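Here's the structure, in structure tokens; my notes come after.
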Amino acid sequence: MKIYKSKILLILTGMMLFSCNSVLELQPTDKIRAEDLFGDPQGVKLYMANLYYQLPIEDFAYFRAGFNQNGGDPNNGGWAPAMSADEAMHSEFGDFIGDGDYHYWEPGYKLIRDVNLLFDAIPNLAIRDDEKAVLTGEASFIKAFAYFGLAKRYGGVSLIKATQKYTGNVEDLKVPRSTEKETWDYVMELCDQAIANLGPVKGRRASKWAAYALKSRAALHAASIAKFGSRAPMSGNAVTQKLVGIDAADAAGYYAACIAASEAIMTSGQHSLYMPNPASPAVAAENYRALFQNPEVAAENEAILVKGFTLPGNNQGHNYDIWYQPAQVANGWPHPGRMNPTLDLVDAYESYTNPGHDAPIVTTVEGSVTDYNGFNPALNYIRFDSPNDIFKNKDARLWGTAILPGTVWKSAPIIIQAGYIKPDGSSVIRTKDQIDVGGTTYYTYGAPSTTMYSGFDTYGGNNTRTGFGFKKFMNQNTPIVPGWNQSTSDWIEFRYAEVLLNYAEAVVESGTGNAANAAKAINDIRKRAGHTVDIPLTVDNVQRERRVELAFENKRFWDLMRRREFHTAFNNRFMHSLLPLVDLRTLPAKYIFVRVNTPNSNTRTFDTKAYYRSIPGIGANGLVQNPLY
């Protein structure tokens with residue numbers, strides 16, 4: 045199911061379903077009357093397009109400032125939510141999570157009001173009853189999505205179940221916060237309403253399966269809050285009144301809801317994995333990459349809900365290609381290379397030779413993977429013929445997600461190099477220089493010109509500082525078009541692999557459900573990635589699969605949030621990089637690698653109050669504030 049973004053030309057935000065009484069009974073000329081809009085089938089379609097546009101989908105245009113940040117000047121420096129977790133570093137900036145980041149309060153309640161207006165209008169629409177049912181299902185789905193966006197940020201919120209009408213007393217419009225459990229239960233209720241009214245037919249709007257997928261995701265989130273809330277205990281009025289936090293005993297019910305919703309999709313026969321049986325890991329890597337370059341290839345199987353960025357231009361296209369493709373293919377764009385996958389993420393991908401375990405990049409014969417102190421001439425570094433040989437046997441999804449040193453992208457070998465070791469054993473690292481050895485000139489960054497390499501030079505902030513470039517979602521087939529909002533690759537919001545992972549996590553964490561089916565779920569995903577050896581169903585295996593399968597889909601941030609792992613994962617923590625170096629101590633020259641703290645970066649510590657965002661406007665709305673704000 046695919047959502048197409050439409051440019052909303054009419055002033056929908058001015059609509060109100062109440063009359064304006066004045067002496068002259070004048071009708072405003074800059075607003076559309078509700079009866080006129082909803083009395084026209086095209087008006088209803090336009091209104092629905094606006095509702096879908098407002099969905100809190102964390103896509104290519106979602107940044108710290110909020111959603112749909114692809115207007116006329118969307119210059120955010122190339123920041124992405126992955127940089128607020130442990131998936132990536134920005135090539136230049138190092139800030140973390142601020143109090144003002146990732147809010148959704150005002151946009152969320154605007155969407156809820158707009159949906160409530162639609163609920164009011166549906167009974168009087170001149171359409172068939174079955175069409176009214178579908179609209180009711182869509183409205184329920186959209187409202188559930190809005191409250192999900194609010195609940196995971198703020199906990200318990202005000203539940204506005206019907207259109208509010210101003211009667212002269214603003215106090216009548218104030219609705220106190222419900223408990224966090226009541227809020228999540230309302231999300232479940234709305235999902236059930238959507239499921240009951242939507243059909244199974246795939247199309248360009250919400251389907252029954254999209255509603256099940258939303259329920260699967262939301263129920264898992266709520267279950268995690270209940271089970272793991274004690275990892276980060278809080279206190280204060282919001283806690284006492286249960287506006288934040290869910291009792292541990294309630295986890296079972298939410299896990300059961302996740303399992304049931306996931307199973308409904310898994311047994312429907314309507315969705316499956318895209319290209320589930322690759323001939324080789326290399327084929328698996330290309331299949332995985334292609335899925336995200338053009339989700340339309342999976343329209344009949346894996347893709348459950350796709351948001352379309354079909355046309356270039358303001359409020360239509362996005363900017364991933366200009367910000368994140370490597371410097372060597374920038375095509376005149378002055379600020380490429382901003383998304384730098386971390387060594388921490390790369391380490392998490394399995395090796396085909398040791399299934400069921402992280403496979404950290406081993407750089408020395410001694411085998412230490414915790415030494416980040418830089419090049420040490422006393423260590424026995426493993427020497428490689430090629431800068432990507434060190435990644436041999438790593439999971440295919442790594443090759444489909446990151447641009448590894450020396451791999452080819454858009455017909456160009458991408459040069460990512462941090463320096464060289466001189467014949468005398470001294471090092472030149474991240475300092476622009478050159479040396480002639482054996483009749484060959486070697487350069488610090490692998491080439492003489494800034495347009496010929498993509499790593500470690502601080503020039504313009506255009507080069508990776510982690511040792512890895514970014515591939516997932518990037519368009520390999522067309523040159524970069526310099527300018528804002530020119531990318532048109534679509535975003536998959538719900539896909540079958542996530543449903544399988546939700547199911548597996550709910551089963552293993554709850555100790556209920558069909559463990560054999562849950563193990564099969566994660567192994568089917570791994571088989572699609574070229575693995576041939578099954579691994580058991582364990583918490584660690586499920587979480588590793590989530591981390592690598594869903595990398596850069598803006599899930600990792602919320603996984604750390606809902607499982608209350610952010611404050612332990614980020615406690616005075618450095619992100620890490622891999623430095624490829626040319627070793628000239630013995631000819632022919634070989635490549636060695638050094639694990640380091642990411643250059644020019646600081647440690648990061650997560651403040652536990654950030655498990656909930658602050659409630660804005662409490663002086664006016666009278667709501668209880670979240671803890672520690």
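Heads up: the sequence shown runs through residues 45 to 673, numbered per the working numbering.
Backbone N, C-alpha and C fix where the C-beta goes; we use that ideal spot for every residue, glycine too.
Small disclaimer: the values here were computed from a predicted structure and weren't measured.
**Study point:** Status (buried if at least 16 other CB within 10 Å, exposed otherwise) for residue 584
**Key:** Here residue 584 refers to the residue found at position 540 when the sequence shown is read from its first residue. Counting Cβ neighbours within 10 Å, residue 584 comes out exposed, since fewer than 16 surround it.
**Study point:** Nearest residue (CA-CA) to residue 308, options 416, 284, 254
**Key:** Counted from its first residue, the sequence shown places residue 308 at position 264. That would be 254, whose Cα lies nearest to the Cα of residue 308.
Review point. Which one or two residues does DSSP pair with residue 278 in a beta bridge?
Key: Taking the first residue of the sequence shown as position 1, residue 278 is located at position 234. In the DSSP output, where bridge partners are listed per residue, residue 278 has none listed.
Point to revise | Whole-Å CB distance - residue 347 paired with residue 339, under 8 Å assumed | key: The sequence position of residue 347 within the sequence shown is 303, counting from 1. The sequence position of residue 339 within the sequence shown is 295, counting from 1. 5 Å between Cβ atoms; contact.
Exercise for review: Buried or exposed for residue 214, please, with buried defined as at least 16 other CB atoms from any protein chain shown within 10 angstroms of its CB.
Suggested key: The residue labelled residue 214 in the question sits at position 170 within the sequence shown. Looking at its Cβ environment, which holds fewer than 16 other Cβ atoms inside 10 Å, residue 214 is exposed.
Review point. Which residues does DSSP pair with residue 205 in a beta bridge?
Key: Start at 1 with the first residue of the sequence shown, and residue 205 comes out as number 161. The partner list for residue 205 (beta bridge, DSSP) is empty, contrary to what the question assumes.
Review point. Can you list the beta strand (DSSP E) stretches of 3 or more residues lying completely in the segment 172-228, in chain order?
Key: none
Point to revise | Reduced DSSP secondary structure (H/G/I, E/B, other) of residue 434 | key: The count along the sequence shown starts at 1 and reaches residue 434 at position 390. Helix.
Practice item. State whether the segment 482-494 contacts the segment 316-336, with contact taken as three or more CB pairs (one from each stretch) at a distance under 8 Å. Key: no
Check your understanding: Looking only at its own chain, which residues have a Cβ that is under 6 Å from the Cβ of residue 669, when we skip the five neighbours before and after it?
Key -> The count along the sequence shown starts at 1 and reaches residue 669 at position 625. Contacts found: 659, 662.
Exercise for review: For residue 66, I'd like the list of residues in its chain whose CB is within less than 6 Å of its CB, leaving aside the five on either flank, ordered along the chain.
Suggested key: Counting from one through the sequence shown, the residue named residue 66 turns up at place 22. At residue 66, the pLDDT of 34 sits below 50, so the modelled position is not reliable; the number obtained from the coordinates is stated separately. No residues qualify anywhere along the chain.
Exercise for review: Could you please give the first and the last residue of the uninterrupted beta strand (DSSP E) stretch that includes residue 620?
Suggested key: Counted from its first residue, the sequence shown places residue 620 at position 576. Counting along the chain, the beta strand (DSSP E) containing residue 620 begins and ends at 620-627.
Check your understanding: Do residue 272 and residue 608 come within 8 Å of each other at the CB atom, strictly closer than that value?
Key -> Here the question's residue 608 lines up with position 564 in the sequence shown. Here the question's residue 272 lines up with position 228 in the sequence shown. For residue 608 and residue 272, yes; Cβs fall inside 8 Å.
**Study point:** Beta-ladder partner(s) of residue 637, from DSSP
**Key:** One-based indexing of the sequence shown puts residue 637 at position 593. Answer is 624.
Review point. How about residue 146 and residue 197: are their beta carbons less than 8 Å apart?
Key: Numbered from its first residue, the sequence shown carries residue 146 at position 102. Numbered from its first residue, the sequence shown carries residue 197 at position 153. Their beta carbons are under 8 Å apart, which means residue 146 touches residue 197 by this criterion.
Check your understanding: Assuming residue 81 and residue 91 make a contact with CB atoms under 8 Å, what is their CB distance in whole Å?
Key -> Residue numbering aside, residue 81 sits at position 37 when the sequence shown is read from its first letter. Residue numbering aside, residue 91 sits at position 47 when the sequence shown is read from its first letter. Right, their Cβ atoms sit about 6 Å apart.
Review point. Quick one, which of 511, 525, 444 has its alpha-carbon nearest residue 134's?
Key: Taking the first residue of the sequence shown as 1, we reach residue 134 at position 90. Ranking the options by Cα distance to residue 134, first place goes to 511.
Check your understanding: For residue 548, does the three-state DSSP call read helix, strand or coil?
Key -> Indexing the sequence shown from 1 puts residue 548 at position 504. Residue 548 falls in the helix class under three-state DSSP.
Review point. Rounded to the nearest angstrom, how far is the Cβ of residue 290 from that of residue 303, given a contact under 8 Å?
Key: By one-based count along the sequence shown, residue 290 stands at place 246. By one-based count along the sequence shown, residue 303 stands at place 259. No, residue 290 and residue 303 are not in contact; Cβ-Cβ is about 18 Å, not under 8 Å.
Check your understanding: Mind checking residue 567: buried by the 16 CB within 10 Å criterion, or exposed?
Key -> Numbered from its first residue, the sequence shown carries residue 567 at position 523. Classification for residue 567: buried.
Exercise for review: Specify, as a first and last residue, the run of the alpha helix (DSSP H) that residue 365 falls within.
Suggested key: Taking the first residue of the sequence shown as position 1, residue 365 is located at position 321. Segment 364-368, the alpha helix (DSSP H) holding residue 365.
Review point. Quick one: any contact between the segment 220-235 and the segment 182-189, if contact means 3 or more CB pairs under 8 Å?
Key: yes
Check your understanding: What is the C-beta distance between residue 444 and residue 333, in whole angstroms, given that I count them as a contact (C-beta under 8 Å)?
Key -> The sequence position of residue 444 within the sequence shown is 400, counting from 1. The sequence position of residue 333 within the sequence shown is 289, counting from 1. Indeed, because the Cβ distance is near 4 Å, the residues count as touching under 8 Å.
**Study point:** residue 276 to residue 285 span [Cα, whole Å]
**Key:** Indexing the sequence shown from 1 puts residue 276 at position 232. Indexing the sequence shown from 1 puts residue 285 at position 241. Using only the alpha carbons, I get a separation of about 17 Å.
Review point. To the nearest angstrom, how far is it from the Cα of residue 565 to the Cα of residue 448?
Key: Locating residue 565 in the sequence shown gives position 521, counting from the first residue. Locating residue 448 in the sequence shown gives position 404, counting from the first residue. For residue 565 and residue 448, the distance between alpha carbons rounds to 29 Å.
Review point. Would residue 159 pass as a contact of residue 177 if the rule is Cβ separation under 8 Å?
Key: For the purposes of this step, residue 159 is taken as the residue at position 115 of the sequence shown. For the purposes of this step, residue 177 is taken as the residue at position 133 of the sequence shown. No.
Check your understanding: Assuming residue 262 and residue 181 make a contact with CB atoms under 8 Å, what is their CB distance in whole Å?
Key -> For this step, residue 262 is matched to residue 218 along the sequence shown. For this step, residue 181 is matched to residue 137 along the sequence shown. No, residue 262 and residue 181 are not in contact; Cβ-Cβ is about 16 Å, not under 8 Å.
Review point. I think residue 193 touches residue 370, with their Cβ atoms under 8 Å apart; what is that distance to the nearest whole Å?
Key: The residue given as residue 193 occupies position 149 in the sequence shown. The residue given as residue 370 occupies position 326 in the sequence shown. Not a contact, Cβ separation roughly 33 Å.
Point to revise | Supposed close pair residue 593, residue 569 - CB separation, criterion 8 Å | key: Your numbering for residue 593 matches position 549 in the sequence shown. Your numbering for residue 569 matches position 525 in the sequence shown. Residue 593 to residue 569, Cβ: 6 Å. Contact.
Review point. Does the separation of the CB atoms of residue 279 and residue 292 fall below 8 Å?
Key: If you number the sequence shown from 1, residue 279 lands on position 235. If you number the sequence shown from 1, residue 292 lands on position 248. Not closer than 8 Å, so no.
**Study point:** Cα-Cα separation between residue 480 and residue 464, rounded to whole angstroms
**Key:** The residue given as residue 480 occupies position 436 in the sequence shown. The residue given as residue 464 occupies position 420 in the sequence shown. Cα-Cα distance, rounded: 12 Å.
Exercise for review: Put residue 481 into one of helix, strand or coil per three-state DSSP.
Suggested key: Here residue 481 is taken as the residue at index 437 of the sequence shown, counted from 1. Three-state result, residue 481: strand.
Check your understanding: Just the Cα atoms here: how many angstroms apart are residue 558 and residue 210?
Key -> As a first step, residue 558 is located in the sequence shown; it is residue number 514 there, counting from the start. As a first step, residue 210 is located in the sequence shown; it is residue number 166 there, counting from the start. Rounded to the nearest angstrom, the two C-alpha atoms are 51 Å apart.
**Study point:** In chain order, each beta strand (DSSP E) run of at least 3 residues that lies wholly inside the segment 507-559
**Key:** 535-539
Review point. Going by beta carbon distance, what residues of the same chain come within less than 7 Å of residue 604, once the five residues before and after it are set aside?
Key: By 1-based counting over the sequence shown, the position of residue 604 is 560. So the qualifying residues of the chain are 129, 610, 613.
Review point. According to the neighbour-count rule (16 or more other Cβ atoms, all chains shown, within 10 Å of its Cβ), is residue 111 buried or exposed?
Key: By 1-based counting over the sequence shown, the position of residue 111 is 67. Under this definition residue 111 is a buried residue.
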